[in-house]
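What follows is a short report on a single structure.
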Amino acid sequence: MKCQECNERPASLHFTKIVNGEKTEFHICEQCAKEKGEYNPNSNSFSIHQLLSGLLNFEHAVQDANKIVAKPETCPKCNMSYEQFVRLGRFGCAHCYETFKSKLDPVLKRVHGGNHSHGGKIPKRIGGSIEIRKKIAELKEELKEQVAKEEFENAALIRDKIRSLEQSIRDKEEG
Numbered sequence: 112m113k114c115q116e117c118n119e120r121p122a123s124l125h126f127t128k129i130v131n132g133e134k135t136e137f138h139i140c141e142q143c144a145k146e147k148g149e150y151n152p153n154s155n156s157f158s159i160h161q162l163l164s165g166l167l168n169f170e171h172a173v174q175d176a177n178k179i180v181a182k183p184e185t186c187p188k189c190n191m192s193y194e195q196f197v198r199l200g201r202f203g204c205a206h207c208y209e210t211f212k213s214k215l216d217p218v219l220k221r222v223h224g225g226n227h228s229h230g231g232k233i234p235k236r237i238g239g240s241i242e243i244r245k246k247i248a249e250l251k252e253e254l255k256e257q258v259a260k261e262e263f264e265n266a267a268l269i270r271d272k273i274r275s276l277e278q279s280i281r282d283k284e285e286g
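Under my numbering, the first residue of the sequence shown carries the number 112, and numbering increases by one thereafter.
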C-alpha cells in the first residue's frame with residue numbers, strides 16, 4: 112500500500128480515527144508522518160497531552176462543521192484561551208478548570224463513559240458502607256430538589272430511604 116500523502120513511498124504507519132462513530136483510516140509513510148508531526152521514531156507512545164488534545168480537537172471539528180464562530184474565551188487569572196489549552200494539553204492555572212468547565216464536561220463524559228465526576232477507588236473491605244454513604248449524599252441532594260419544588264410526598268419517600276440507609280450503616284458498625 113502506498114502513502115496516502117505523497118503517493119510515492121510505501122505506507123508504514125496506519126492510523127485509525129473515530130469521530131461520532133465514523134471510522135477513518137490513514138496509511139502514511141514515516142517521512143510524511145514526521146513532517147506532519149504525527150510520528151516520533153524515538154517514542155512508542157503518545158503523551159497524555161497529545162491524547163487530551165486529540166479529544167478536545169473533536170469539539171473544534173464539530174464547531175467547524177456547524178460554522179460556529181465565537182469570541183475566544185480566556186481565563187480571567189492567566190489569560191489562557193481554550194485554543195491554547197487544546198494545543199498545549201494542560202491548563203495555565205487552577206482557575207482554568209472553572210472557566211472552561213462547560214467545554215470540559217462533554218469531553219470527560221465521553222472519555223469516562225458518561226461520568227464526569229471522579230469518585231476515586233474504594234477498598235473492597237469497606238466499600239459497602241462507602242457506597243451507602245455516597246447513595247445517602249445523592250438522596251439528600253434529591254431531597255433538597257424535591258422540597259424546593261414543593262413535592263413533599265416524593266420528599267417524604269426520599270427521607271424514608273435516607274433513614275433506612277443510615278440505619279443499615281449503624282447496624283453494620285454495631286454488629
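Every residue gets a Cβ at the ideal spot worked out from N, C-alpha and C, and that includes glycine.
As the structure is a computational prediction, the values presented were derived from the model and not from experiment.
- Counting the other Cβ atoms within 10 Å of the Cβ of residue 144 gives 16 or more, which makes it buried.
- Within 10 angstroms of the beta-carbon of residue 199 lie fewer than 16 other beta-carbons, which makes it exposed.
- Secondary structure of residue 128 (DSSP, three-state): strand.
- With a 10 Å radius around the Cβ and a threshold of 16 neighbouring Cβ atoms, residue 269 comes out buried.
- If you draw a 10 Å sphere on the C-beta of residue 117, you find fewer than 16 other C-beta atoms in it, and that means exposed.
- For residue 136, the enclosing beta strand (DSSP E) begins and ends at 133 to 139.
- Residue 255 and residue 245 have their C-alpha atoms some 16 Å from each other.
- Assigned with DSSP and collapsed to three states, residue 187 falls in coil, not helix or strand.
- Taking C-beta separations shorter than 7 Å and ignoring five residues to either side along the sequence, the partners of residue 276 in its chain run 243, 246 and 247, following chain order.
- Inter-residue distance for residue 128 and residue 139 is about 14 Å (C-alpha atoms, whole angstroms).
- A residue is called buried when at least 16 other Cβ atoms come within 10 angstroms of its Cβ; residue 191 meets this threshold and is buried.
- The DSSP-derived three-state label of residue 260 is coil.
- Residue 258 and residue 147 have their C-alpha atoms some 57 Å from each other.
- Taking 8 Å as the cut-off, the Cβ atoms of residue 141 and residue 123 count as close.
- Judged by DSSP in its simplified three-state form, residue 123 adopts coil rather than helix or strand.
- In this structure, residue 240 lies away from residue 272, with their beta-carbon atoms at least 8 Å apart.
- One alpha carbon belongs to residue 203, the other to residue 196, and they sit about 8 Å apart.
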